[in-house]
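Engineer: For reference, each letter of the sequence shown is one residue, going 11 to 164 in this note's numbering.
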Amino acid sequence: HFFKAEKRGDLVGVRGQSIGGGIGATIGTQCAYPDRPVFGIIGDGSAMMTIQGLWTAANDNIPCIFVICNNGMYRVLKVNFNVYQRDILKLSEPAGSQLPYSDFPTPFDIAAIGRSMGVHGERIVAPEEIAPAVARAVASGKPAVLDIVIDGSL
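As structure tokens, then:
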């Protein structure tokens, strides 16, 4: 494990927000704790809803780090749809994996999008690349996007 929450403010969570709030929440948390590194863990679909926040972080030099879990889909919607179909509609074979418009057939390169907006951006495809990328992001002293490609299969 890379992180220990030892005192108030070490771990900030947001409950009840809609999809898309992660970038803004990360920026706000960094503003609240300017002398501490802030990492926001955000899904790719959520990030794409408010991707322009990367420009805000770059323009205002807010050095937070956006860790994007890039599974190429709105997985949370598929999971919730399966629960709804199974538990509410009592269907024996939920079809959440077939939910229209929830997959991204053309993968987003969120690191490239971030670089185009002025943040440090790296795309990560293997677990052993994570620690060095985090070190580079922190050392950059500017906002950063770590676009981590993950398996999001149901």
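Where a beta carbon is used, it is the ideal one built from N, C-alpha and C, also for glycine.
1) Does DSSP put Glu132 in a helix, in a strand, or in coil?
2) Which two residues bound the contiguous alpha helix (DSSP H) that contains Ile52?
3) Taking the alpha-carbon of Asp70 as reference, which of Val144, Gly38, Val22 has the nearest alpha-carbon?
4) Is the distance from the Cβ of Ala35 to the Cβ of Gly50 below 9 Å?
5) Which residue from Val144, Asp45, Arg46, Asp54 puts its Cα closest to that of Gly32?
6) Helix, strand or coil for Phe114, going by three-state DSSP, please let me know.
7) What ranges does the beta strand (DSSP E) occupy inside the region 45-95, keeping only unbroken runs of at least 3 residues that lie completely in it?
8) Is it the case that the Cβ atoms of Asp119 and Asp157 are separated by a distance below 9 Å?
9) Quick check: the region 73-86 against the region 140-153, are at least 3 beta-carbon pairs closer than 8 Å?
10) Is DSSP giving Ile120 helix, strand or coil here?
11) Going by DSSP in three states, Ala147 sits in which element: helix, strand or coil?
12) By alpha-carbon positions, which one of Asn81, Val129, Pro142, Val22 ends up nearest to Pro117?
13) On the criterion of 16 or more Cβ atoms from any shown chain inside 10 Å, does Ser56 qualify as buried, or is it exposed?
14) With H, G and I counted as helix, E and B as strand and the rest as coil, what does DSSP make of Ile29?
15) Ordered along the chain, which non-local residues of its own chain (more than five positions away) have a Cβ less than 8 Å from that of Pro44?
Structural biologist: Per the coordinate set shown:
1) Taking the first residue of the sequence shown as 1, we reach residue 132 at position 122. Glu132: strand per DSSP, three-state reduction.
2) Your numbering for residue 52 matches position 42 in the sequence shown. No alpha helix (DSSP H) holds Ile52; the beta strand (DSSP E) holding it covers 49-53.
3) One-based indexing of the sequence shown puts residue 70 at position 60. Ranking the options by Cα distance to Asp70, first place goes to Gly38.
4) The residue given as residue 35 occupies position 25 in the sequence shown. The residue given as residue 50 occupies position 40 in the sequence shown. Closer than 9 Å, so yes.
5) Taking the sequence shown and counting its residues from 1, the one referred to as residue 32 is at position 22. Nearest option by C-alpha distance: Asp54.
6) Stepping through the sequence shown from its first residue, residue 114 is reached at position 104. Phe114: coil per DSSP, three-state reduction.
7) 49-53, 75-80
8) Within the sequence shown, numbered from 1, the residue matching residue 119 stands at position 109. Within the sequence shown, numbered from 1, the residue matching residue 157 stands at position 147. Yes, these two residues count as a Cβ contact at 9 Å.
9) yes
10) Position 110 of the sequence shown holds residue 120. It is helical.
11) The residue given as residue 147 occupies position 137 in the sequence shown. Three-state result, Ala147: helix.
12) Position 107 of the sequence shown holds residue 117. Here the closest residue by C-alpha is Asn81.
13) Position 46 of the sequence shown, counted from the first residue, corresponds to residue 56. Buried.
14) Looking up residue 29 in the sequence shown gives position 19. Reduced to three states, the DSSP call for Ile29 is coil.
15) Translated into the one-based positions of the sequence shown, residue 44 becomes position 34. No residues qualify anywhere along the chain.
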